[in-house]
Structures are given as structure tokens and as C-alpha cells.
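Numbering (this note's numbering), first residue to last: 2 to 322.
Even glycine gets a Cβ: it sits at the ideal position worked out from N, Cα and C.
What follows is one structure encoded as C-alpha cells, with my remarks underneath.
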Amino acid sequence: MFDVLLTLGGGLLLYLGAEWLVKGSAGLARHLGVPPLLVGLTVVAYGTSAPEAIVTIQGSLGGYGALAAGNIVGSNIANLGLILGLALVLRPAPHEPGLVRREVPVLLGSSALLIAALANGALGRWEGLALLLGAVVYSVWMVRSAQAERRSDAADHAAEEGAETAGAPPGTRVVRLTVLLAVGLVMVVTGGHLLVKGSVGLARALGLSERIIGVTLVAVGTSLPELATSALAALRGHSALAVGNVVGSNIFNVLLCLGVAGTAAPFALPEGAPWTDLIAMGALTLLAAVAFLRPRPLGRALGWTFLAAYGVFLAWTFGVR
């Protein structure tokens, strides 16, 4: 009964927090003249990846290597198959040339690094440090890209920004939007934590294995901030924010979350490399990259394709063949 209450309470916090997070981040992007895609790729992606980081680090420190690795791999699969698929079904997203130029190569590279790091059935400290270095380089690159795009778009946003801030001091508006974003982020992360705790308790009561818990229930649970944020962003007409959140989260999951976990507590996987999960993640990543590279909007048909692929993955994982 307690696990059920945790699950329901976490879900409520997730919904309310995602509502505030989307409003704050989208409003801040408009006010500062920063494209919503970049906000999704940085601030929102970092924040919604916090549950993955917490669970992965706790898993590696506690000696649950399969849970830690399964959480990251499963979260990346859920982000693309479930979350991006649902967001596109709710509202198609426009083609983003900036995404093709910057993030698609990083998304492919980080996924390849994840497969290479786990191919031997373990994650060492040097591999963790290499992933962390990649996270630092990528973060610096994104900050500089945001600054450059803000300068280039300043003239285009000047009139709109002036109209939006009429009657309110600019500093006051920035503070209000930042507080809204921060409080929403805390609620999303807290809700995700409670939901994961409740769902894992229920899963263990059903006798599921550590790997299945990690790659499905915990992975989906820690991806719920991304799910809530991306779905609400799509419904509010901020499809670019939704896409940026998914892509940025997948990159940070590998480089930052797994990098910190491997550096803090290297671990081995009892059952060896999870090749089925890694192949599924690689296939979904390639599908997303091909879709992003095509100079056309991301439509509902693509969303249904992602959702169907995720359904096949779940059926395979739970042994329905």
C-alpha cells in the first residue's frame, strides 16, 4: 500500500512540476532571445536527467552494476521510443538545422561510447573519466553556441521582448521565470524519485530480476521527468523544446550520469554485456539520427514508429516472443 501511495504521489508531483518547468523554460527562452531548442538541450535536459544520475550513482556505489547500466541504457531507449514518440504523436516538430549540425553527431558518438564502454561487461574508472571529460566539453560547447545564437538573433527578438516585458521590470521577469523553472525542476526530480521508489518496491514484490527492473521500470521511472516535460511542451506548442529535452537527456545520461558513476565506483555486470539492450538503443538512435537529418518536419507517423519499436522492445525484454 505504501508503494502505491509513493507511486501516485510521485506522479502528481511530476505533472505539476513539468507544467511549471515548461512555462518557466519557454518563457525564459523567449525573454532572453535563446532558441527553445537550446534551452531544452541544456537547462531542461540537465535537470530532467537528475533522476538517472541519482539512481545510477546509487546503483554503482551499492554494487548493483546491472541496475546502474540498465538504467542508463533503458532510459535512453525510453527517451527515444516512448517519450519522443509520444511527443511527436501529440504534435509534430519542425526540422531543426541546428540539431543536425551540432547534436546528431554528439548523440551518435555518445551512444557509440556507451556501447564500447559496456562491451566487455564492466565500466572502469578511466572509461568513466573519459565520459566525464566528454560531458564537460559538450557543456562548454553548448554554452558558447547559446551565446552565439543569442547575439545573432538579438535584433529579431528585440521587438517581441519589448512587448512581452512591457509593464514589468526586465530583472523582475527573469527572476520570476527562473524561480518558476527551478521550483518546477525540483518538483519533477522529487516526483521521479518517489515514483521510482514506489515502482521498484512493487516490482520486487512481483519477483522481477535486477536487469529487468533496471532496463524497464527504473528506466521508465527515471525518464518520467522527460516524459512529463516533453509531453506538456508538445501540447503547449513547444515541440522544439520537447525534442531538445530528449536528445540532450540521452547525451547527458551517457556522458555525465554514467561518467560520474564509473568514476566514483567502477562496476562489473554479473551477466556480461547486455547486448540485446545495447542493440535496441543503437537501432533507435540510428532511426532518430536519420529522421533528424532529413530536411522535413518530424511527423506523427515517425512518432508511432518509435512507440511501436518501444513496444517490441518491452515484449522482447519480458520474454514475449
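Exercise for the section: Quick one: residues in its chain with C-beta nearer than 7 angstroms to the C-beta of A266, no 5 flanking neighbours on either side, listed in chain order? Expected result: As a first step, residue 266 is located in the sequence shown; it is residue number 265 there, counting from the start. Answer for A266: S61, L62, listed in chain order.
Exercise for the section: Please report how far the alpha carbon of A67 lies from the alpha carbon of L130, in whole angstroms. Expected result: Residue mapping note: residue 67 aligns to position 66 of the sequence shown, counting from 1. Residue mapping note: residue 130 aligns to position 129 of the sequence shown, counting from 1. The straight-line gap from Cα to Cα measures roughly 20 angstroms.
Exercise for the section: Drop a sphere of 10 angstroms on the beta-carbon of N80, count the other beta-carbons inside from all chains shown, and report buried for 16 or more, exposed for fewer. Expected result: Here the question's residue 80 lines up with position 79 in the sequence shown. N80 comes out buried.
Exercise for the section: Specify, as a first and last residue, the run of the alpha helix (DSSP H) that I78 falls within. Expected result: Sequence index remark: in the sequence shown, residue 78 carries index 77 (1-based). That run of the alpha helix (DSSP H) goes 66 to 79.
Exercise for the section: Could you tell me the distance, in whole angstroms, from the CA atom of L119 to the CA atom of H239? Expected result: Here residue 119 is taken as the residue at index 118 of the sequence shown, counted from 1. Here residue 239 is taken as the residue at index 238 of the sequence shown, counted from 1. Going from the Cα of L119 to the Cα of H239 covers about 35 angstroms.
Practice task
Could you spell out where the alpha helix (DSSP H) holding A284 opens and where it closes?
Solution key: The count along the sequence shown starts at 1 and reaches residue 284 at position 283. Its alpha helix (DSSP H) spans residues 276 to 294.
Exercise for the section: Express the C-alpha separation of F3 and F293 in angstroms, rounding to a whole number. Expected result: On the sequence shown, position 292 is the one that residue 293 refers to. On the sequence shown, position 2 is the one that residue 3 refers to. C-alpha separation (whole angstroms): 43 angstroms.
Problem - contact_flag[the segment 83 to 93, the segment 306 to 320] where n(CB pairs < 8 angstroms) is 3 or more - result: yes
Exercise for the section: For the alpha helix (DSSP H) containing R301, list its first residue and its last residue. Expected result: For the purposes of this step, residue 301 is taken as residue 300 along the sequence shown, with counting starting at 1. Counting along the chain, the alpha helix (DSSP H) containing R301 begins and ends at 301 to 318.
Problem - Contacts around L9, its chain only, beta-carbon distance under 7 angstroms, and the 5 residues preceding and following it disregarded - result: Taking the sequence shown and counting its residues from 1, the one referred to as residue 9 is at position 8. Nothing listed; no residue qualifies.
Problem - Cα-Cα separation, A284 to A123 - result: Start at 1 with the first residue of the sequence shown, and residue 284 comes out as number 283. Start at 1 with the first residue of the sequence shown, and residue 123 comes out as number 122. Between A284 and A123, the C-alpha separation is close to 22 angstroms.
Exercise for the section: Use the C-beta contact count for I280: other C-beta atoms within 10 angstroms, 16 or more gives buried, fewer gives exposed. Expected result: What you label residue 280 is simply residue 279 of the sequence shown in a count that begins at 1. So I280 ends up on the exposed side.
Exercise for the section: Express the C-alpha separation of Y65 and I58 in angstroms, rounding to a whole number. Expected result: Residue numbering aside, residue 58 sits at position 57 when the sequence shown is read from its first letter. Residue numbering aside, residue 65 sits at position 64 when the sequence shown is read from its first letter. So the alpha carbons of these two residues sit roughly 10 angstroms apart.
Exercise for the section: Use the C-beta contact count for L6: other C-beta atoms within 10 angstroms, 16 or more gives buried, fewer gives exposed. Expected result: Start at 1 with the first residue of the sequence shown, and residue 6 comes out as number 5. Exposed is the call here.
Problem - Cα-Cα separation, S250 to P296 - result: Taking the first residue of the sequence shown as position 1, residue 250 is located at position 249. Taking the first residue of the sequence shown as position 1, residue 296 is located at position 295. So the alpha carbons of these two residues sit roughly 23 angstroms apart.
Exercise for the section: Quick one: using the 10 Å Cβ neighbour count with 16 as the cut-off for buried, is G11 buried or exposed? Expected result: By 1-based counting over the sequence shown, the position of residue 11 is 10. By the neighbour-count rule (16 or more Cβ atoms within 10 Å), G11 is buried.
Problem - Nearest residue (CA-CA) to A235, options A54, P93, E53, S26 - result: Within the sequence shown, the letter at position 234 stands for residue 235. For the residues A54, P93, E53, S26, the minimum Cα distance to A235 belongs to P93.
Problem - DSSP beta-bridge partners of L124 - result: The residue given as residue 124 occupies position 123 in the sequence shown. Looking at the DSSP assignment, L124 forms a beta bridge with F268.
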